[in-house]
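Residue numbers (the working numbering), protein chains in the order written: chain H, 266 to 697; chain S, 266 to 697.
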């Protein structure tokens, strides 16, 4: 069975994964706050991404560039002129919509028909003023993508590191898009996290590296447990591609609300570096070490929506079965991503000898386990299992009277609900 | 000897720690981009902070809340009314300054005297509009502190986790302050990263926990290698404290430009929760599990400027000495924080048997070492040592002809420049 979006939203709020942003004030549309378990899950996904695409490689340079950039960046990148959505307004009630949301020319708010005129272009960048003078020279925008941070630092990377071509510049960070209609939980939001890299190549190599990264992206989805049959490649046709791209593949995931983009792979050509060279007057060419003629590199860009990954991982993990005649909800998260790796239970909370022994095991695991270890002594063991199942904890360890006799504990596995008896001294061996 | 700020800025740019933001367009004042080594150093500092204050503890809840929040948050917090700096304008040339920058009533820009009138209050929050309608209802601000994310999620944490008091909510993230005059490199900037937590307590316990965190903050500085004699506690007097605080200690560090704040410890009382209760109408009281009367908790807040930590760590590490009659610059970084943990050199790059063996050692270390391993085969060994010294790499490993005979390598230590011969098989044992 597949989870509904409502199931996931409700679990996220109840158990502390994700809350509505500014909730006590009725929210702020398109913003979400990650609670402790969501923060941990997101941290684990980002750490896995960095490990997979960045940290292990000699040709990858990770940067962390500012969200606020000089407005000229967004002029050169084309975002000031073209990062638009078509906006229509109802002449009766003045509600505003993105044009493609109006299906039958009837206003979704007031219900009147034929109230929408020609759309106007609405720029999706958030505007602000920098410094104590409010004029056009001081306008800038919250970055709508992290990519421009890589392009504007390309020369710095050349100067500091003299990399051989091809090489990549990577970044994980916040971006902002003033969506007309944010929706679908953390899928279409106004504040989002992106993990992406720009891979600089010779023009003649573009098909080769496009193909390389296409394959590696599938490897990544597999690595985080998203099944092949839920990932779909969509070749984006000419008229739908972003202004900078010569070829784009959207990677779509089977979300509860349909197939939607989770990641993308774009051949950005030399569009960005060329425009920055023109606008800034700075030389953007790469000088090959063999003395051959300098040229402006072309770029392949694999890009990943971090929040969309969190949602895909949660939707994919959400499971139900029956245990002893009762419905059970559990998150089948890969152990590497699970926010809590193991929970420790004393069988009874009012037996000091059990509690003391459990505390000992708990402390030992805290040292041994890379990740969170949780303590729970509240309610019967069955209830505690259910609580851990719901947040995707792969293992529960119970300390009982037998433990006091022979230093063994019960390890219970989340997916199979199977239990095994293990010696404390090699409790963690073979797990995770 | 102490490093000058210029020494540090120059090293940061040259070696890829930190670059001016939007540099190819002449910058955007008060913004900086972290290059690969700076990103790694910052990641290591944040990881150490989370390990020290958050991950190991059962009573700490880490969240990641949105930068964009409902404007009512900033009304309740007092920031709309009071997060001001006094701004003065020259009546001759219209330059604007923070009042305390004008020392002798002469304009620093045009040189005219007595051109400044009464200051006006300049709000330091960046303003923007959310959604497709530009009116006062849609105004919001880039958060000037992360703390309000913790206060607005306090109820969510109670609901999802039922924590015992005291407990803490922690966060690491970007904040934005529209400083009139950003300065001193990454010290006073418009976009900054903060690591902080709100620790919720009974009012009667405030002095006890203030004292506890004061001590732990010193423990933290020691942990990251900042010497006791460079850290100074400043008791902030009544009239200088933020509007929400009843007691504040600033922790100052001996930066190259003087003693300046690196962290702070504030007793925020129940100011924030009370105001949010009033403004939102939501009950902010904590219900003790023993059934005693509910109350609004008070708050102790330890707060840490992440960029200021990066700068302090760099300034403290910057060292010079003489080696063989030549000046040497090296960063005496704690191994835990060093962006590169170990570098691997084949003695000669044109001897395939040395290069192959070195590649083998390099691959082995990449698996074993938590952190970055760098390869360098460029220039003589002395030059390679200098390059690694300058970025603070604790160990350099050279593969030479003796290696081919007996599987040993030379390990060279950064600070002492001492070399030792070690067997490859236990190369990493005892290091870091």
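All residues carry an ideal CB built from backbone N, CA and C; glycine is no exception.
Point to revise | Within 8 Å of chain S by C-beta, residues of the region 397-414 of chain H in sequence order | key: Those residues of the region 397-414 of chain H that come within reach of chain S (Cβ to Cβ, closer than 8 Å) are 397, 398, 405, 407, 414.
Point to revise | Residue range of the unbroken alpha helix (DSSP H) whose run includes residue 617 of chain S | key: 617-633 is the extent of the alpha helix (DSSP H) around residue 617 of chain S.
Check your understanding: Got a sec: is the Cβ-Cβ distance from residue 461 of chain S to anything in chain H below 8 Å?
Key -> With 8 Å as the cut-off, residue 461 of chain S does not count as an interface residue toward chain H.
Point to revise | Nearest neighbour of residue 418 of chain H, chosen from H:463, H:492, H:445 [CA to CA] | key: With respect to the C-alpha of residue 418 of chain H, the residue from H:463, H:492, H:445 having the closest C-alpha is H:463.
Point to revise | Three-state secondary structure assigned by DSSP to residue 325 of chain H | key: Correct three-state label for residue 325 of chain H: strand.
Practice item. Have a look at the DSSP bridge pairing and note the partners of residue 285 of chain S. Key: For residue 285 of chain S, the beta-bridge partners assigned by DSSP are S:297.
**Study point:** Under 9 Å from the C-beta of residue 443 of chain S: neighbouring residues of chain H
**Key:** Correct list: 393, 394, 395, 396, 397.
Check your understanding: What in chain H is Cβ-close to residue 361 of chain S, meaning under 7 Å?
Key -> Those within 7 Å of residue 361 of chain S in chain H are 397, 398.
Exercise for review: Could you pull the start and end residues of the alpha helix (DSSP H) that residue 545 of chain S belongs to?
Suggested key: Residue 545 of chain S -> alpha helix (DSSP H) spans 536-545.
Exercise for review: Leaving aside the five residues before and after residue 497 of chain H along the sequence, list all residues of the same chain whose C-beta is less than 7 Å from its C-beta, in chain order.
Suggested key: Only 517, 524 meet the Cβ criterion.
Review point. Between the region 325-335 of chain H and the region 292-312 of chain S, do at least 3 Cβ pairs fall closer than 8 Å?
Key: Taking 8 Å as the limit for Cβ pairs, the verdict is that the region 292-312 of chain S does touch the region 325-335 of chain H.
Exercise for review: Measuring alpha carbon to alpha carbon, tell me which of S:625, S:643, S:598 ends up nearest residue 612 of chain S.
Suggested key: Here the closest residue by C-alpha is S:643.
Check your understanding: Near residue 527 of chain S, which residues of its chain fall below 7 Å by C-beta distance, leaving aside the five closest residues on each side in sequence?
Key -> The residues are 516, 517, 518, 570, 573, 574, 577.
Check your understanding: When you compare each of S:365, S:532, S:458 to residue 469 of chain S by their alpha carbons, which one comes out closest?
Key -> The shortest Cα separation from residue 469 of chain S among S:365, S:532, S:458 belongs to S:532.
Check your understanding: What residue does the alpha helix (DSSP H) around residue 483 of chain H start on, and which one ends it?
Key -> For residue 483 of chain H, the uninterrupted alpha helix (DSSP H) segment begins and ends at 471-488.
Check your understanding: So is residue 341 of chain H buried or exposed if we call it buried at 16+ other beta carbons inside 10 Å?
Key -> A residue is called buried when at least 16 other Cβ atoms come within 10 angstroms of its Cβ; residue 341 of chain H meets this threshold and is buried.
Check your understanding: Between the Cα of residue 413 of chain H and the Cα atoms of H:564, H:664, H:655, which residue gives the shortest distance?
Key -> Nearest C-alpha to residue 413 of chain H: H:564.
**Study point:** Within chain S, the residues that residue 298 of chain H reaches when beta carbons sit closer than 8 Å
**Key:** Simply 328, 329, 330, 331, 414, 417, 418, 421.
Check your understanding: Going straight from the alpha carbon of residue 355 of chain H to that of residue 495 of chain H, what length do you get?
Key -> As the crow flies, the alpha-carbon of residue 355 of chain H is around 38 Å from that of residue 495 of chain H.
Point to revise | Short CB-CB distance (under 8 Å) between residue 388 of chain S and chain H | key: Contact with chain H is absent for residue 388 of chain S, since none of that chain's Cβ atoms lies less than 8 Å from the residue's Cβ.
Review point. So which residues of chain S does residue 347 of chain H contact, with C-beta pairs closer than 8 Å?
Key: Residue 347 of chain H does not reach chain S, its nearest Cβ partner there being about 17 Å away, counting only Cβ pairs nearer than 8 Å.
Check your understanding: chain S partners of residue 367 of chain H, CB-CB under 7 Å?
Key -> Within chain S, no C-beta atom comes less than 7 Å from the C-beta of residue 367 of chain H; the nearest is roughly 14 Å away.
Point to revise | Cross-chain neighbours of residue 284 of chain S in chain H, by beta carbon under 8 Å | key: Near residue 284 of chain S (Cβ distances below 8 Å), the residues of chain H are 418, 421.
Check your understanding: Hey, is residue 288 of chain H's beta-carbon within less than 8 Å of any beta-carbon in chain S?
Key -> Yes, because at least one Cβ of chain S sits closer than 8 Å to the Cβ of residue 288 of chain H.
Exercise for review: Within its chain, find whatever has a CB closer than 6 Å to the CB of residue 638 of chain S; leave out the 5 residues flanking it on each side and keep chain order.
Suggested key: For residue 638 of chain S, where only same-chain residues beyond five positions count, the Cβ hits under 6 Å are 607, 630, 631.
Point to revise | Meets three-Cβ-pair contact criterion under 8 Å: the region 611-626 of chain S and the region 349-363 of chain S | key: Short answer: they don't touch.
Check your understanding: Is the region 431-446 of chain S touching the region 394-410 of chain S, taking contact as three or more C-beta pairs under 8 Å?
Key -> The way I'd put it, the region 431-446 of chain S does touch the region 394-410 of chain S; three or more beta-carbon pairs between them come closer than 8 Å.
Review point. What does residue 500 of chain S pair with, by DSSP beta-bridge criteria?
Key: In DSSP, residue 500 of chain S forms a bridge with S:514.
Exercise for review: For residue 386 of chain H, write down the residues that DSSP places opposite it in a beta bridge.
Suggested key: Looking at the DSSP assignment, residue 386 of chain H forms a beta bridge with H:351.
Point to revise | CA nearest to the CA of residue 390 of chain H, picked from H:649, H:457, H:645 | key: Considering only alpha carbons, the answer is H:457.
Check your understanding: Hey, does residue 338 of chain S have any beta-carbon neighbour from chain H nearer than 8 Å?
Key -> Taking Cβ atoms only, chain H reaches closer than 8 Å to residue 338 of chain S, which makes this a yes.
**Study point:** Helix, strand or coil at residue 273 of chain S [DSSP, three-state]
**Key:** Helix, per DSSP.
Point to revise | Extent of the continuous beta strand (DSSP E) run through residue 440 of chain S | key: Element bounds for residue 440 of chain S: 432-441.
Review point. So what's residue 609 of chain H in DSSP terms, helix, strand or just coil?
Key: Correct three-state label for residue 609 of chain H: strand.
Check your understanding: Which bits of chain S does residue 541 of chain H rub up against, with CB to CB less than 9 Å?
Key -> Simply 289, 290.
Exercise for review: May I have the straight-line CA-CA distance separating residue 386 of chain H from residue 641 of chain H, to the nearest angstrom?
Suggested key: Spanning the two alpha carbons is a distance of roughly 54 Å.
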